[in-house]
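Structure first, then comments.
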Ligand SMILES: [Mg+2]
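Residue numbers (this note's numbering): 2 to 319.
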């Protein structure tokens, strides 16, 4: 078979470049943004050489979208809306694509991004066991991967979590849903309650004034949610291209006041909050149709997956 030519200077999509320290940098792996399951299987069964040969032979065939695809598309839609109203704005989303592919097998990835018009500012092809070491130097605030080892490595370096499943949400308004405990808020809220020594019990008593309710501690996704909230505030409510949701298994009775007071103190406006009182989250997520749902409970991730909702597990430890 004749060798497959590799373009020496592939034309990369040219997104609006956001300065690294103002931008909300999201790193996504190739297996999260594109569906590479077939290719990954080939890699596992036949090895790297065969995988590279396959990717080169198919370099002009776009990869199908993966779990994080619609989320990235929706993020780009928000960038577009920001720039429409404020062309000099620097506070944008910035997408970095991280890949364990070597550059010679990465042409298909670049061509696929180009095919779908994805605005990805940086492509990092690192033939490295642990590509997450590059996250910190790029100021990454959110890391989406389909590989648990990647996520654990990233967590040790101070970034965030991985997705799973079909994408149904349209790429217009960006919809992001967060769990409460151990995601937006710390899991210390749970521990406090179990130990019976926190301020949560005070929430049960309607006679307690709001000022006496203790705040929740911050969780692993607070920083990302706050940055999202900052972009949210650039728009008036009717025209905002971002919609955020809190979907917690807690009841409004035990968690509602505390959560709402905490969000208010943080200055974080969540558009809708659902206190499910132990009911499954899947049905409400199916109605919301978020581009991504973050939860620390694998049963909730499974529930979201069963409804075809893209979900990202937020591990508390690895
Ligand atoms: Mg939780």
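Beta carbons: idealized from backbone N, C-alpha and C, even for Gly. All figures in this text were calculated on a predicted structure; none of them were measured in a lab.
In DSSP terms, what residue i is bridged to
| i | result |
| --- | --- |
| residue 66 | 35 |
| residue 100 | 126 |
| residue 314 | 296 |
| residue 74 | DSSP output for residue 74 lists no bridge partner at all. |
| residue 273 | 246 |
| residue 219 | 186 |
| residue 144 | 28 |
| residue 108 | Bridge partners of residue 108: none, in fact. |
| residue 176 | 244 |
Selected residue, minimal CA-CA separation from residue i, among the options
| i | options | result |
| --- | --- | --- |
| residue 290 | 311, 270, 90 | 311 |
| residue 321 | 245, 249, 70, 116 | Any question about residue 321 goes unanswered here, given that the chain covers just 2 to 319. |
| residue 78 | 303, 183, 121 | 121 |
| residue 175 | 69, 38, 45 | 69 |
| residue 185 | 229, 97, 148, 123 | 229 |
| residue 183 | 173, 251, 221, 148 | 221 |
| residue 98 | 266, 144, 279, 250 | 144 |
| residue 90 | 259, 235, 134, 306 | 235 |
| residue 249 | 285, 103, 57 | 285 |
| residue 1 | 45, 65, 51 | Look at the range of the chain in this structure, 2 to 319, and you will see that residue 1 is not part of it. |
| residue 269 | 277, 275, 260, 276 | 260 |
| residue 127 | 105, 94, 254 | 105 |
| residue 288 | 33, 112, 177, 76 | 177 |
| residue 93 | 142, 219, 111 | 142 |
| residue 148 | 100, 124, 265, 179 | 100 |
| residue 316 | 180, 135, 103, 123 | 180 |
| residue 60 | 304, 277, 112 | 112 |
Alpha carbon of residue i to alpha carbon of residue j, nearest angstrom
| i | j | result |
| --- | --- | --- |
| residue 42 | residue 31 | 15 angstroms |
| residue 23 | residue 54 | 40 angstroms |
| residue 299 | residue 293 | 15 angstroms |
| residue 239 | residue 273 | 14 angstroms |
| residue 267 | residue 242 | 21 angstroms |
| residue 338 | residue 224 | This structure cannot settle anything about residue 338, because the visible part of the chain is limited to 2 through 319. |
| residue 271 | residue 48 | 46 angstroms |
| residue 86 | residue 80 | 10 angstroms |
| residue 140 | residue 29 | 13 angstroms |
| residue 133 | residue 279 | 35 angstroms |
| residue 71 | residue 244 | 15 angstroms |
| residue 96 | residue 25 | 8 angstroms |
| residue 88 | residue 52 | 42 angstroms |
| residue 56 | residue 107 | 8 angstroms |
| residue 45 | residue 146 | 18 angstroms |
| residue 82 | residue 74 | 13 angstroms |
| residue 256 | residue 216 | 11 angstroms |
| residue 76 | residue 263 | 26 angstroms |
| residue 246 | residue 275 | 8 angstroms |
Buried or exposed by the 16-neighbour rule on C-beta atoms within 10 Å, applied to residue i
| i | result |
| --- | --- |
| residue 84 | exposed |
| residue 109 | buried |
| residue 308 | buried |
| residue 9 | Caution applies to residue 9, whose pLDDT of 41 falls short of 50 and renders its modelled position unreliable; the value that the coordinates give is listed next. The residue is exposed, with fewer than 16 neighbouring Cβ atoms inside 10 Å. |
| residue 138 | exposed |
| residue 118 | exposed |
| residue 252 | exposed |
| residue 114 | buried |
| residue 50 | exposed |
| residue 237 | exposed |
| residue 58 | exposed |
| residue 187 | buried |
| residue 39 | exposed |
Interface flag, residue i vs chain D, CB-CB below 7 angstroms
| i | result |
| --- | --- |
| residue 50 | Judged by its chain identifiers, the structure shown contains no chain D, having just a single protein chain. |
- Residues passing the C-beta test against ligand 1 heavy atoms, cut-off 5 angstroms: The answer, residue by residue, is 180, 182, 183, 297.
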